[in-house]
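Structure first, then comments.
4 protein chains.
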Amino acid sequence: MLIDSTYPKSFASDNHVGVHPVILDAIVAANQGDAPAYGDDHWTSAFERRAKDAFGSEAEAFAVFNGAGANMVGLSLMLGRYDAIICADSAHIATHEAGAAERLLGVKLMTVPTEDGKLRPDDITSRLGGIGNPHESQPTVVSISQVTELGTCYSPDEIAALAQAAHASGLRLHVDGARLANAAAHLDCDLAAITTGVGVDVFSFGGTKNGALGAEAVVVLDPSLARAVPFLRRQSLQLASKMRFVSAQLSSLLTDDLWLKNAAHANAMAQRLADGTANVPGVTLAYPVQSNAVFATLPAEVIAVLRQRYLFHSWDEAAGTVRWMTAFDTTPEHVDDFLDDLRKAASA
Amino acid sequence: MLIDSTYPKSFASDNHVGVHPVILDAIVAANQGDAPAYGDDHWTSAFERRAKDAFGSEAEAFAVFNGAGANMVGLSLMLGRYDAIICADSAHIATHEAGAAERLLGVKLMTVPTEDGKLRPDDITSRLGGIGNPHESQPTVVSISQVTELGTCYSPDEIAALAQAAHASGLRLHVDGARLANAAAHLDCDLAAITTGVGVDVFSFGGTKNGALGAEAVVVLDPSLARAVPFLRRQSLQLASKMRFVSAQLSSLLTDDLWLKNAAHANAMAQRLADGTANVPGVTLAYPVQSNAVFATLPAEVIAVLRQRYLFHSWDEAAGTVRWMTAFDTTPEHVDDFLDDLRKAASA
Amino acid sequence: MLIDSTYPKSFASDNHVGVHPVILDAIVAANQGDAPAYGDDHWTSAFERRAKDAFGSEAEAFAVFNGAGANMVGLSLMLGRYDAIICADSAHIATHEAGAAERLLGVKLMTVPTEDGKLRPDDITSRLGGIGNPHESQPTVVSISQVTELGTCYSPDEIAALAQAAHASGLRLHVDGARLANAAAHLDCDLAAITTGVGVDVFSFGGTKNGALGAEAVVVLDPSLARAVPFLRRQSLQLASKMRFVSAQLSSLLTDDLWLKNAAHANAMAQRLADGTANVPGVTLAYPVQSNAVFATLPAEVIAVLRQRYLFHSWDEAAGTVRWMTAFDTTPEHVDDFLDDLRKAASA
Amino acid sequence: MLIDSTYPKSFASDNHVGVHPVILDAIVAANQGDAPAYGDDHWTSAFERRAKDAFGSEAEAFAVFNGAGANMVGLSLMLGRYDAIICADSAHIATHEAGAAERLLGVKLMTVPTEDGKLRPDDITSRLGGIGNPHESQPTVVSISQVTELGTCYSPDEIAALAQAAHASGLRLHVDGARLANAAAHLDCDLAAITTGVGVDVFSFGGTKNGALGAEAVVVLDPSLARAVPFLRRQSLQLASKMRFVSAQLSSLLTDDLWLKNAAHANAMAQRLADGTANVPGVTLAYPVQSNAVFATLPAEVIAVLRQRYLFHSWDEAAGTVRWMTAFDTTPEHVDDFLDDLRKAASA
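If you read the sequences in order, they're chains G, B, S and R.
Final position of the first sequence in the working numbering is 368; the numbers increase by one with none missing.
Final position of the second sequence in the working numbering is 368; the numbers increase by one with none missing.
Final position of the third sequence in the working numbering is 368; the numbers increase by one with none missing.
Final position of the fourth sequence in the working numbering is 368; the numbers increase by one with none missing.
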């Protein structure tokens, strides 16, 4: 499927968009002369400093290529050979990373059904019955997604409670933060308030869905874990030789709150879209809108008409639930045009 | 170690350089509107077509992030659970990919000592004694590097002979082509003449060391193997979501022979450097110069003086062998300045 | 926990029992002179012939040490790097093999909730939506347990229907037959009727729980798969050097229907136990009794009293469900004594 | 290849022999009534106590099925995801375990050529250059075989020196002790003198080649490592359900010095065989005889004649080196008959 210039704005994913101009400028600006490979360069140092500004002085940040890479490198720091990860059954690591957790890490995913994509402390404690039993995989890490795959967010208190439940039993807390910026924007807090400040051990900070060309970070808050990152990043095929161009993107996002501007705008567009569906007959929201995703349930015929013109993903074929995503470059006009077309389709 | 603007040209690696302006322009040009993620876009289609032009109509090319990623995805197509790879003991997959072959593929590397980084057919046939013995890893793939890690090249005939030896015993031939362009430039042949035309089954085609920001390709010549690439690329953390920006780089290299211009220039600069050492007392070449690398042996004191000003890698500390690399943007002046400094150091 | 001679019969597991005297005699008889290692001996040949008699001439049987080993070797024949196994969420491979499937095979387990431990064809077809999607693990094998972990059995027709559903979509059918003998005894059919005759591709045939000291077989019905067994068995640490002593056990079980006698007796004792609980107040059966396991639900106080004297496992602490198992050497008196004690405890 | 009763004594391997009668009696004696599964039984407790007597009170011993299993479980305790093992290139883990180290552990084997199968401290220190370099596998464990695959032994001092060299750089020392008993017998020391007393961290203690039916132990001397064994043993398919029958064998070997009697006898028979070749023209010893193996080099015609009557392995086809092994049940008559036939063949 190819999109040409006559196609309207995509609502399929925040990775259908291009690169934010400030970030692209930063890439171009980094193309000056030689620089040592593998991160021993000015741009990477700058990124590391900005990460400490954003996440706290204990935060060690490591640039990688993509979200699955950030998850696998981050998780590999905390998992031995007979361990398990407790996560929502909708977690990206469980559903859309092609079995990387099982093959690359060799661990079991103890998946938990949830209503809204969010784990509760009881989901942790109720799954620890096999600890100490050599016939069972040993849960060692709790992994949550912030924003979740259903577009919902954990409050700082909710994360703190999960961290407490995990740590109380010797488990660590990992956050898949492919859309961490959107969560902070929604929660109206800084990035540390949902990571460093509430007991997270390792998390990823996504850039690609928030305007980067391709850049994610693994952030480690426990210094005893950070030592292994360079080795595991290299071995996991996530070490960029010309790293300055990845670091420059992440630095850009962490400068002048670009991460926040982009995420807040995308969130606002999703809210506008959700609000606009309120009076469209037959359309209901499947989950609360707390980020840049709108999950809506609507009749199959309406979906079919809308699809003739717009790109978006089906989420639950049987239920008639679809996902509409906005991005840093979605405009109010894009949303309003989409809503017009939705209304027409719904009333046809 | 950081290089600032007062530093002279780096001779450390072809990944110390930045991005070729034509390739950077292509990245910037790809930033127009939305495009489907994961390769379902115009730029990726264009790259796939250009790869068929360059490597033959049977060539299926897949963009990945980096060289180790290209090697691991390519090799994983041909290896089962109890298999082994025959390769030179200097092979990048054996020495500098942090054990990715062992951990990610789970296979044994049957490493062969060589004089010049190159395998011979007899190196294959002499290592097949364990075939059929369930106590031994089964050799299934021969992997060579073109250019080798010692800067040498295989002629088309040499590759054909290796392919024949491999195929005769049911093994497949893989080429780590991180510097394939430099080899073709040195051999004065097209890219198909050292891949498709001589029996290679799977190879990588490197862009990053030849002027790209970060882009490599896995190229599969056996259609029965290509089916698995999308799955293994995704699982191996090598699938770019905004793939158009990777594909645009590879397309650029395959357009108007940019790959050849860059590589031929880098090779010429290495040759100029090698030639210039001929009359420097105490400096000898360790290997034939057949690409953009010069391996030279010289007194420790001379190395030490040179290091005060230049970046380059030690290759064999004990022997006093160092590696000097050139790139697409190395100029004759860079080389001549370096030679001047070398001469001064050597005669001090 | 140690059992001394004053302890009554264990109802905890069919691996608490010792070795059937005929099998122990066979081990002793195999201790005559030298024999080639690793299976190149008379006893192993005899076992292979008897396996063909029992399972059909196409059956290739391979002796291994234990049940998890038989499962991992058998499954590894059919699974690539990005594959998944569809199985019941109660499956032994999912719950009690310490994550071996994930670590040793590197694959995802797509676990299906069931009422009675048994998969239905619809459980297969409803989980194939991700086939072809490179972001998802690809289901390649359906694995069922016969007897299931809940003591229930699949009829030959039920297995045939699963095989058909699996094969129709290109998947293979694996049977964890740790208690295959008990299933055949319950179903009153021969071993081929629930394996070779109904489309199973690979299965295990358990000896240890049916009177052996420690012996299981991997049986492969698809000749294209059998070639890999010797390599994977060796690599999976399941190749006995003095294999004659393992083969002799399996031969013994397959001679004069010892497998059937042992299993039928154990099943009969479980039925006697189940029947005896019918008129015990407060005790109900949790699952149909179709093998040598009785799952009963009873008050916590009764369980506590019974535990003072007997060994058995809790199955569902919250529900008050326990598992009582019988074995080849459980006698009617053992059962009746147990029932007496149960009645006393229940009426206290 | 099958051996019948008319065949003479095998000189092929110490796993061609059967079970020592005392050990077989112990197995039969363990077949009394019920016992908890997985090691929670009297026989296993007894074995654990005897292991402490033999190896020291800090020694935690765990029974497993076979030698490769003992190696993989033991090594897995000490190796992370990006680690490497330094070992002789003749090491069993490198040559004859079907790539289990690479697949099951995912680590690199840094193999060292040796003259006599023995590592020297300098072999360790000279391979540590890549420590700290994220592009290279990190050496973490030194693994030696005692007896080596060439029949030679390390003295206590030699092991102490290796342990010191390893520990000085943060590596641990593992011993593959499939024939540890033969080494102690040759060195005329107790088992602790070559393990606990000289800095070994983890080792295996082989029973199968010394008269057991099939029983090996993983012995852990560092208590911080022992905690993981139950999990890794289970996951590595090395946990016997009816463990009493494995433990009884190991207990037997550790009672009344049976391990020593068997090993000393086998060694003496090898020495008798080696001595007997002294005056056979054309026959030379390839390695010092320090255990129950004789490596001899002799003319191909002599080998061919001998093979018509005797089973033994070729070691180096080109060099004409063969391996003759003795066992606990090899008699002086067996050896003398063999020597007679050798002399006849050599003088033909």
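Even for Gly, the Cβ is constructed at its ideal location relative to N, Cα and C.
Note that the structure is a prediction, hence the values are computed from the model and not measured.
In chain R, which residues lie less than 8 Å from residue i when you measure between Cβ atoms?
i: threonine 145 of chain B; result: Going along chain R, no residue has its Cβ under 8 Å from threonine 145 of chain B, so there is no contact; the nearest lies around 14 Å.
Which residues of chain B have a Cβ atom closer than 8 Å to the Cβ of residue i, listed in chain order?
i: glutamine 158 of chain S; result: Phe251
i: alanine 118 of chain R; result: Tyr102, Pro154, His155, Glu156, Ser157
i: valine 161 of chain G; result: None at all; the shortest Cβ gap to chain B is about 18 Å.
For residue i and residue j, I'd like the C-alpha separation in whole angstroms.
i: alanine 316 of chain B; j: aspartate 360 of chain B; result: 16 Å
i: leucine 99 of chain R; j: glycine 100 of chain G; result: 10 Å
i: alanine 290 of chain R; j: alanine 201 of chain R; result: 15 Å
i: leucine 22 of chain B; j: cysteine 209 of chain B; result: In this predicted model, leucine 22 of chain B has a pLDDT of only 47, less than 50, meaning its place in the structure is not dependable; the value taken from the coordinates is given anyway. Rounded to whole angstroms, leucine 22 of chain B to cysteine 209 of chain B spans 38 Å at the Cα level.
i: alanine 56 of chain S; j: lysine 229 of chain R; result: At residue 56 of chain S the sequence reads proline, which differs from the alanine that was named. Roughly 13 Å between the two C-alpha positions.
i: alanine 83 of chain R; j: serine 165 of chain G; result: 42 Å
i: leucine 191 of chain G; j: cysteine 173 of chain S; result: 38 Å
i: alanine 246 of chain B; j: threonine 160 of chain R; result: 37 Å
i: glycine 227 of chain G; j: alanine 235 of chain G; result: 5 Å
i: histidine 333 of chain R; j: alanine 111 of chain R; result: 17 Å
i: serine 175 of chain R; j: isoleucine 214 of chain R; result: 7 Å
i: alanine 203 of chain R; j: valine 167 of chain R; result: 5 Å
i: arginine 264 of chain S; j: alanine 365 of chain S; result: 48 Å
i: leucine 273 of chain R; j: leucine 170 of chain B; result: 54 Å
i: leucine 241 of chain S; j: isoleucine 105 of chain S; result: 19 Å
i: alanine 79 of chain R; j: aspartate 177 of chain R; result: 20 Å
i: proline 141 of chain R; j: alanine 185 of chain R; result: 6 Å
i: alanine 306 of chain S; j: threonine 341 of chain S; result: 7 Å
I believe residue i touches residue j by the beta-carbon criterion, under 8 Å. Please report the beta-carbon distance rounded to the nearest angstrom.
i: aspartate 349 of chain R; j: valine 127 of chain R; result: Their Cβ separation, rounded to whole angstroms, is 38 Å, which puts aspartate 349 of chain R and valine 127 of chain R out of contact at 8 Å.
i: arginine 199 of chain R; j: valine 93 of chain R; result: Not really, about 18 Å apart at Cβ, beyond 8 Å.
i: phenylalanine 67 of chain S; j: leucine 270 of chain S; result: 5 Å
i: aspartate 196 of chain R; j: serine 224 of chain R; result: 6 Å
i: histidine 354 of chain G; j: lysine 29 of chain G; result: 4 Å
i: leucine 182 of chain G; j: leucine 139 of chain G; result: 6 Å
In chain G, which residues lie less than 7 Å from residue i when you measure between Cβ atoms?
i: glutamate 122 of chain S; result: Glu122, Gly126, Val127, Lys128
Going by DSSP, which residues form a beta bridge with residue i?
i: leucine 273 of chain G; result: None, per the DSSP bridge assignment.
i: glutamate 80 of chain B; result: B:Val240
i: threonine 223 of chain B; result: Correcting the residue type first, residue 223 of chain B is phenylalanine in the shown sequence and not threonine. Its beta-bridge partners are B:Val195, B:Val239.
i: aspartate 336 of chain B; result: B:Thr341
i: phenylalanine 358 of chain R; result: Phenylalanine 358 of chain R pairs with nothing; no bridge assigned.
Going along chain R, which residues have a C-beta under 9 Å from residue i?
i: lysine 29 of chain S; result: Gly53, Asp54
i: threonine 346 of chain B; result: Those do not exist, as threonine 346 of chain B stays about 21 Å from chain R at its closest Cβ, beyond 9 Å.
i: alanine 57 of chain S; result: Ala32, Ser33, Asn35, His36
Are there any heavy atoms of the ligand NAD lying less than 8 Å away from the beta-carbon of residue i, as far as the coordinates show?
i: phenylalanine 82 of chain S; result: With respect to small molecules bound, the structure shown includes none, and the ligand NAD cannot be examined in it.
What residues of chain S sit near residue i, judged by a beta carbon separation below 9 Å?
i: threonine 341 of chain G; result: Near threonine 341 of chain G there are no residues of chain S at all, since even the closest Cβ is about 15 Å away, more than 9 Å.
i: threonine 115 of chain R; result: The contacting residues do not exist; threonine 115 of chain R stays about 12 Å from chain S at best.
i: arginine 329 of chain B; result: By Cβ distance, chain S contributes nothing, its closest Cβ being about 48 Å from arginine 329 of chain B, past 9 Å.
So which residues of chain B does residue i contact, with C-beta pairs closer than 7 Å?
i: arginine 254 of chain S; result: Pro154, His155
Output, in chain order, the set of chain S residues within a Cβ distance shorter than 8 Å of residue i.
i: valine 48 of chain R; result: Leu44, Val48
Scan the region 191 to 212 of chain B for residues whose Cβ lies nearer than 8 Å to a Cβ of chain S and list them as they occur along the chain.
-> none
Going along the region 75 to 107 of chain S in order, which residues come within less than 8 Å of chain G, judged by CB to CB distance?
-> So the close ones are Arg101, Tyr102, Asp103, Ala104.
Please list the residues of the region 125 to 142 of chain S that have a C-beta atom closer than 7 Å to any C-beta atom in chain G, keeping them in chain order.
-> Residues Gly126, Val127, Lys128.
Can you give me, in chain order, the residues of the region 63 to 74 of chain R that have a beta carbon less than 8 Å from any beta carbon in chain G?
-> Result list empty, no residue passes.
For the region 260 to 274 of chain S, enumerate the residues whose C-beta is nearer than 9 Å to any C-beta of chain B, in chain order.
-> none
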